[in-house]
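Student:
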């Protein structure tokens, strides 16, 4: 791991390159590359502004509103925030253990949202240009060929997404802003009709999930060396695991391993996460930079999400996903798989696991139970952590005597990957920047590197008028040297 | 997946985040329309458009998307949509034209006639109220839909 990224000497002598995806609202992402005299990229900065104001938005609200309120933080993963907040409020109401019905319905909701979120990513990435941004015609043709062998993928992606959305609707009561999880449990069990309705399509979705993971593997193997190396960085990884070390998305202890797979911490109680994790602040970014306290700010950053989860767990509890994990792990030859593009593969192994887990749950009569809620003595602090589709999500609240939130702290998944995304961008920029002039290839490859992490860059607002990408080359004196604009049509113009 | 409900010939699909200032325009229009639902019109609202919304377009004769926008004329604009795939930076924001493109892709036929009603917006701060100017534009757009519903020939 390097510290040069944030501590470039004589930054005034560096050339500045700005890659700026513009959205129609004030929040937008931006990539700045600082080039040294030798034309290597010394600094890479991915600016994300969407997360401004989350804590302020929450403070002053009653704790019992949190599971519903926080869904409005993000249009991409409202269910993740819903469940993380619900877990935090479980703690506040003294519900140390949920009823089986409550926990299983929450799990069903969570598997449904992970399935639909991953399916969405996969479906969009069925375009080879979007997935790989290739300029290499030969390689491009190979990948197109693989995907054209599966023309039905588009429909499958949509239907998997729809199925996951239906699970959310049935378990939360509404298509948008559901109220399924409440402090201490859930507000309703499922009916036999609802369970049967979801059971009807699970076998089909499971089959599609198997097809999807086989397809992404085929694509990955088609250009194995390229995929293993592109945007690769060797990092620590953090994720939740079960007590037995198995893969876990909803509730468990935190595990962190270094780039060689050695344990940093394991099975820690997430309510004590502040003893293990810290966040640093940079003057150029609204987003914080979390790091593992024991390893310090310079060395302690890490990756989360599918790549970390599949690498970190000892096994999957479901057989099909476990078989896929073993093949995936063989890529690392005993070490963690560090390929950034392997995020895509890991994401689809998780999709398969979710489909298997949903199938199991839909056979469980506890889903139709009537014992929905528990509570105990009111507490003043609550912490909820889950593995959201994009990675570990932390919600921490403190309340006053009237039950009003006096302090809120969130670490969202994309924030956990903040430094790692910067490092992947830097790796790619050093590889593709010719030092003089911006190129379409560079723009594409920076996008591809970021997209592998599936970051939440366009949270919450979706009015019309966005421009997806602007790439500027500005020298240290502030002069614009070059600029490329990529429009929503995909057209790229040099606008200087 | 089908909920089993009958499908009306007209769909009005609004979207936006009600807690992001003027981004609430879409959902606010939904709330207004829902009070006196137009005949033969299905109303849907969501946080944002995504690929599965293509399935909501099935068996429709007319589709109206309603969103907030900062690049349109005041108080609102109505435009005909054509299917066009997004080439956006992330997978997270989808345009109505791209939803039509997904429809084409999965059903292998032309989508129903679709229009976009864009209501002029100004501010999108998290936790902020809708601006008064946007509220006035919403009222004008609602009047238009009540007095001259563009879907009249299909409902």
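Protein chains in written order, with our numbering: chain Z, -11 to 484; chain G, -7 to 147.
Every residue gets a Cβ at the ideal spot worked out from N, C-alpha and C, and that includes glycine.
Mapping DSSP to helix, strand and coil, what is residue 449(Z)?
Tutor: Any answer about residue 449(Z) is weak, because its pLDDT of 42 lies below 50 and its placement is not dependable; what the coordinates show is given next. Residue state, collapsed to three classes: coil.
Student: On the DSSP letters alone, give me the boundaries of the alpha helix (DSSP H) that residue 480(Z) sits inside.
Tutor: Unbroken run through residue 480(Z) is the beta strand (DSSP E), 480 to 482; no alpha helix (DSSP H).
Student: Should residue 3(G) and residue 55(G) be called a contact, given that it needs their Cβ atoms to be closer than 8 angstroms?
Tutor: In this structure, residue 55(G) lies closer than 8 angstroms to residue 3(G) by Cβ.
Student: Tell me the rounded alpha-carbon separation between residue 396(Z) and residue 75(Z).
Tutor: Near 14 angstroms, if we compare the C-alpha coordinates of residue 75(Z) and residue 396(Z).
Student: Considering only residues of the same chain and omitting the five flanking positions on each side of residue 363(Z), which have a CB-CB separation below 7 angstroms?
Tutor: Result list for residue 363(Z): 81, 82, 83 and 172, in chain order.
Student: DSSP on residue 62(G), reduced to helix/strand/coil?
Tutor: Correct three-state label for residue 62(G): coil.
Student: Curious, which full-length alpha helix (DSSP H) runs of at least 4 residues does the segment 203 to 228 of chain Z contain?
Tutor: 212 to 217, all fully within the segment 203 to 228 of chain Z.
Student: How close, in whole Å, do the beta carbons of residue 333(Z) and residue 205(Z) come, if the pair is a contact with beta carbons under 8 angstroms?
Tutor: Right, the Cβ-Cβ distance comes to about 6 angstroms (below 8 angstroms), so this counts as a contact.
Student: List, in chain order, every chain Z residue whose beta-carbon is nearer than 7 angstroms to that of residue 46(G).
Tutor: What residue 46(G) touches in chain Z: 146.
Student: For a contact meaning CB atoms closer than 9 angstroms, what does residue 68(G) contact in chain Z?
Tutor: In chain order: nothing, as chain Z lies at least about 12 angstroms away.
Student: Among 16(G), 51(G) and 50(G), whose alpha-carbon lies nearest the alpha-carbon of residue 117(G)?
Tutor: Selected option, being the one with the closest Cα: 16(G).
Student: Give the range of the alpha helix (DSSP H) segment to which residue 173(G) is assigned.
Tutor: No answer is possible for residue 173(G): it lies beyond the span of chain G, which begins at -7 and ends at 147.
Student: Excluding the 5 residues preceding and the 5 following residue 37(G) in the sequence, name in chain order all residues of the same chain whose CB lies nearer than 6 angstroms to its CB.
Tutor: Hits under 6 angstroms: 6, 19 and 22.
Student: Which one of 51(Z), 203(Z) and 68(Z) has the shortest CA to CA distance from residue 59(Z)?
Tutor: Cα-wise, what sits closest to residue 59(Z) is 68(Z).
Student: I'd like to know if residue 38(G) contacts chain Z, where contact means its C-beta is closer than 8 angstroms to some C-beta of that chain.
Tutor: Judged by the 8 angstroms Cβ criterion, residue 38(G) is in contact with chain Z.
Student: Tell me which residues of the segment 90 to 107 of chain G have at least one Cβ-Cβ distance to chain Z shorter than 7 angstroms, keeping chain order.
Tutor: Going along the segment 90 to 107 of chain G in chain order, one finds 94, 97 and 98 with a Cβ nearer than 7 angstroms to chain Z.
Student: Which residue comes first and which comes last in the beta strand (DSSP E) that contains residue 36(G)?
Tutor: Element bounds for residue 36(G): 33 to 38.
Student: Are any of the Cβ atoms in chain G nearer than 8 angstroms to that of residue 164(Z)?
Tutor: Yes, residue 164(Z) counts as interfacial toward chain G.
Student: Would a C-beta distance cut-off of 8 angstroms place residue 378(Z) and residue 300(Z) closer than the cut-off?
Tutor: No, the pair does not count as a contact, with Cβ atoms beyond the cut-off.
Student: Taking CB distances under 8 angstroms as the criterion, tell me whether residue 150(Z) reaches chain G.
Tutor: It does: the Cβ of residue 150(Z) has a partner Cβ on chain G nearer than 8 angstroms.
Student: What residues in its chain sit with their C-beta under 6 angstroms from that of residue 55(Z), if we drop five residues either side in the sequence?
Tutor: These residues qualify, in order along the chain: 70, 73, 74 and 169.
Student: DSSP three-state label for residue 385(Z), please.
Tutor: Residue 385(Z): strand per DSSP, three-state reduction.
Student: Going by C-alpha distance, which of 90(Z), 146(Z), 430(Z) and 372(Z) is nearest residue 98(G)?
Tutor: The shortest C-alpha separation from residue 98(G) is found at 146(Z).
Student: Given a cut-off of 8 angstroms on the beta-carbon distance, is the pair residue 420(Z) and residue 407(Z) in contact?
Tutor: No, Cβ-Cβ distance for residue 420(Z) and residue 407(Z) is not below 8 angstroms.
Student: Is there at least one Cβ from chain G nearer than 8 angstroms to residue 370(Z)'s Cβ?
Tutor: No, residue 370(Z) does not count as interfacial toward chain G.
Student: Looking at C-beta atoms only, is the number of pairs between the segment 185 to 200 of chain Z and the segment 363 to 374 of chain Z that lie closer than 8 angstroms three or more?
Tutor: With the cut-off at 8 angstroms, the segment 185 to 200 of chain Z and the segment 363 to 374 of chain Z do not touch.
Student: Would you call the segment 386 to 400 of chain Z and the segment 105 to 112 of chain Z touching, i.e. three or more CB-CB distances under 8 angstroms?
Tutor: Result no; under three Cβ-Cβ pairs closer than 8 angstroms.
Student: Do the segment 202 to 217 of chain Z and the segment 333 to 351 of chain Z make contact, defined as three or more Cβ pairs closer than 8 angstroms?
Tutor: Touching, yes.
Student: Relative to chain G, which residues along the segment 65 to 78 of chain Z have a C-beta separation below 8 angstroms, given in chain order?
Tutor: Result list: 66.
Student: Taking residue 309(Z) as the reference, give the member of 289(Z), 322(Z) and 337(Z) with the closest Cα.
Tutor: Comparing Cα positions, the closest option is 337(Z).
Student: Examine the Cβ distances between the segment 221 to 236 of chain Z and the segment 280 to 290 of chain Z and report whether three or more of them are shorter than 8 angstroms.
Tutor: Yes, since at least three Cβ pairs between the segment 221 to 236 of chain Z and the segment 280 to 290 of chain Z fall closer than 8 angstroms, the two stretches touch.
Student: For a test of the three-state rule: what should DSSP assign to residue 274(Z), helix, strand or coil?
Tutor: In this structure, residue 274(Z) counts as coil in the three-state DSSP scheme.
Student: Could you tell me the alpha carbon to alpha carbon distance between residue 45(Z) and residue 126(G), rounded to whole angstroms?
Tutor: One C-alpha to the other measures close to 21 angstroms.
Student: How is residue 54(G) classed by DSSP in three states: helix, strand or coil?
Tutor: Strand, per DSSP.
Student: Return no unless some Cβ of chain G is closer than 8 angstroms to the Cβ of residue 167(Z).
Tutor: Chain G contact via Cβ: absent.
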